[in-house]
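Written out below as structure tokens is the structure these notes cover.
Chains as they are written, first to last, in the working numbering: chain B, 1 to 123; chain R, 1001 to 1641.
Given below as structure tokens:
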């Protein structure tokens, strides 16, 4: 059996960190959660991560900051942004920078699956 | 005594003498000696005879003898030589002085100058004598002039004032008495008066004995004979220097005042209560655009006052008649060219010397200031609106963010839960865990809502005994400017002996203020009727204290009454919705109710009622305010239908 692709979740909100990995595992992914961009960068999961579900607004390094940092180090990770701020410009800007999708919280299971599908080319 | 008498005799304006019973002269008065130029030694005895014209002497002596022996004739006439050698006709008379036994002891006689017809030739004519006796008792400079305009006589005060003898003063045109600058005009005017016979009146400066010039008022009146011919002139000169100086001072200070009034665009007025007599200063005429010095009436003022402000003015006038309040109000004038002036009136009541009541006040044209204030206020309110909208936007964004976070967790957990239960075999433990998290996130969302609600109303309520009348008066004081600017007539009907309530004074103030502002806003566009705000307090039958704010504004749709209190509902750009919602929350925290009903006429009536303080709370007040934590969820009270 092939190794499951790793999807990492970076969000300062605890309920997202608790709930989302479980759902991702139900989808059939490997899942890890980090409370900040810094924690993710310091972990050994960066290289392994196929897809990053990334909160936009966080204390310290923001989602887009992390996106730029990864680009700089040529870490080619596909990113799905999630945000509670319904400000379209944030999402559009993130997409310009190469993000796959931007989901507005609360998002549905279907929307998440679609985004992951687009990112990883799976159903 | 003897010497006193002889001084009098010496001073008499006639020739006086006494003779012994045999006709031997033993006394001649000084005037006699001066007239004839003879010394007493020469004239004594028979020496006086040398002064009688030689041609007249024989007859004179004979008659003289007859007179002193037979007392007949009563008078003897002869030419008497004056000191300059000229002979003048003189009438001598004599009377015997008789002792107790009837014996003649002395003859007393007088000599009087007479003319060719035998009439006494008095050196002073009758009118001159009349003038003298009258003029000396008048405290003014008086002169008697003949028909040719020459000085005939002057009174004592003239001599004293100028300090010069009559002989010099009578040529006054060269006597250095009139100020050189005034003299040409005075002379010309006097000549004209003499020519035309018209009364003459003028002012000029006279040089006093000490060299100082003083202003005099001169009046010259002609005296005419029955044919209208001018006989002589009476000239009265009154010292008006002090008056003139005071007048000058007055003119100066009046000029200062007028200048100050002009510079500050401030006029002054007085208004007599009993007669409604109104006086305006020049500047006030200018401000009102009235013709200067016309009579000012309330009717006339009414035509100038902006029609929308007439009710306010009438209210003020009515109030000043019934109370003794000082006046302080602002109204607008509509000028004939349709321009608008803003004028500020300040006045206080006083009594004049006769105890009559009058208002004395100042009116300032504050148009430029008001216009710039209006512009500023407009800018400010626009800014406030923008910031309110902005903060509302930020507020909703924040609400969205706070609620979206737990919602995201809820939906994700629920999805996971369903998937775990649908798995083969079902992951019951995982599902239970996710379901638990769903509940927790749901509570979290609920907490967010509670926190938001807490933002609207302070959680801590200061509890103290509050008199709603006092609170209302404070709010009125705070709002006076706003009321005046909004041209709203305020009537307050505060109940006497209003029971106190328990609550937070500041919060209740906010509620009343909010109702005020709400009313002002509702009346802002009203032009066809008086903008009137009536605030009433009264004890209710239900052990509640009621406060009622009634306006004559645009009113509201009765079906939307409830929505008025919704937090985000508003019918106005000002967004009063939140204010009413907060007000209702505050009132409900005080166990009270806030409701609104439409008026029968235009406008709306907002009321709230709060339970009166229980008797045992009275002590709490004396111990000072206590703080209590009010219930987070105040019970919702239905709006009155």
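Ideal placement from N, C-alpha and C gives every residue a C-beta, glycine not left out.
By the Cβ rule, the segment 1477-1495 of chain R counts as touching the segment 1522-1534 of chain R, because three or more pairs are nearer than 8 Å. Listed in chain order, the beta strand (DSSP E) elements of length 3 or more contained wholly in the segment 1348-1372 of chain R are 1357-1365. For residue 1430(R), the neighbours in chain B by C-beta distance under 8 Å run, in chain order, 22.
A residue is called buried once 16 or more other Cβ atoms fall within 10 Å of its Cβ, and residue 1441(R) is buried on that count. The C-beta of residue 59(B) comes no closer than 7 Å to any C-beta of chain R. If you look at residue 1104(R), you'll find it in the beta strand (DSSP E) that goes 1104-1113. The beta carbon of residue 1309(R) sits closer than 7 Å to the beta carbons of 1331, 1332 and 1487 from its chain, once the five residues preceding and following it are set aside; these are given in chain order. For residue 1068(R), the enclosing alpha helix (DSSP H) covers residues 1057-1070.
Rounded to whole angstroms, residue 1044(R) and residue 1189(R) show a C-alpha spacing of 55 Å. Within chain R, the residues whose beta carbon sits less than 7 Å from that of residue 26(B) are 1416, 1419 and 1420, listed in sequence order. Taking C-beta atoms under 8 Å as the contact rule, residue 1048(R) and residue 1109(R) fail to qualify, at a distance of about 11 Å.
For residue 1441(R), the chain B residues whose Cβ falls inside 7 Å of its Cβ are 15, in order along the chain. Relative to the Cα of residue 1275(R), the nearest Cα in the group 1298(R), 1480(R), 1283(R) and 1601(R) belongs to 1298(R).
A direct Cα-to-Cα measurement between residue 1507(R) and residue 1597(R) gives close to 23 Å.
Taking each of 1105(R), 1179(R) and 1223(R) in turn and checking the Cα distance to residue 1131(R), the smallest one comes out for 1223(R). For the C-beta of residue 1407(R), the chain B residues within less than 8 Å are, from N- to C-terminus, 105 and 106.
With a cutoff of 7 Å on beta-carbon distance, residue 1315(R) and residue 1343(R) are scored as not near each other. Under the DSSP assignment, residue 1271(R) falls outside any alpha helix (DSSP H), being part of the beta strand (DSSP E) whose first and last residues are 1266-1272. Unbroken beta strand (DSSP E) stretches of 3 residues or longer found wholly inside the segment 1453-1521 of chain R: 1460-1466, 1489-1494 and 1501-1503, given in chain order.
According to the DSSP assignment, residue 1094(R) belongs to the beta strand (DSSP E) that extends over 1087-1098. Considering only beta carbons, no part of the segment 1319-1341 of chain R lies closer than 8 Å to chain B. Annotation: the continuous alpha helix (DSSP H) that includes residue 1184(R) extends over 1183-1196. For residue 85(B), at least one C-beta of chain R is nearer than 7 Å to its own C-beta. When C-beta distances to chain B are compared with 7 Å, every residue of the segment 1472-1486 of chain R stays at or above that value. Among the CB atoms of chain R, one or more fall inside 7 Å of the CB of residue 109(B). Take residue 1106(R), set aside five residues on each side of it, and the residues of its chain with a beta-carbon closer than 6 Å to its own are 1018 and 1097, in chain order. When DSSP assignments are scanned along the segment 1201-1226 of chain R, the uninterrupted stretches of beta strand (DSSP E) that are 3 or more residues long and fall wholly within it turn out to be 1213-1224. If you draw a straight line from the Cα of residue 1029(R) to the Cα of residue 1015(R), it comes to about 7 Å.
A residue is called buried once 16 or more other Cβ atoms fall within 10 Å of its Cβ, and residue 1409(R) is buried on that count. Using a Cβ distance threshold of 7 Å, residue 78(B) and residue 33(B) do not count as a contacting pair.
Beta-bridge annotation (DSSP): residue 1308(R) is not paired with any residue. In this structure residue 22(B) does not touch residue 59(B) by the C-beta definition: roughly 25 Å separates them, more than the 8 Å allowed.
DSSP, read as helix, strand or coil, puts residue 1140(R) in coil. Residue pairing by DSSP places residue 1598(R) opposite 1604(R) in a beta bridge. Proximity of residue 1404(R) to chain B, defined by a Cβ-Cβ separation below 7 Å, is satisfied.
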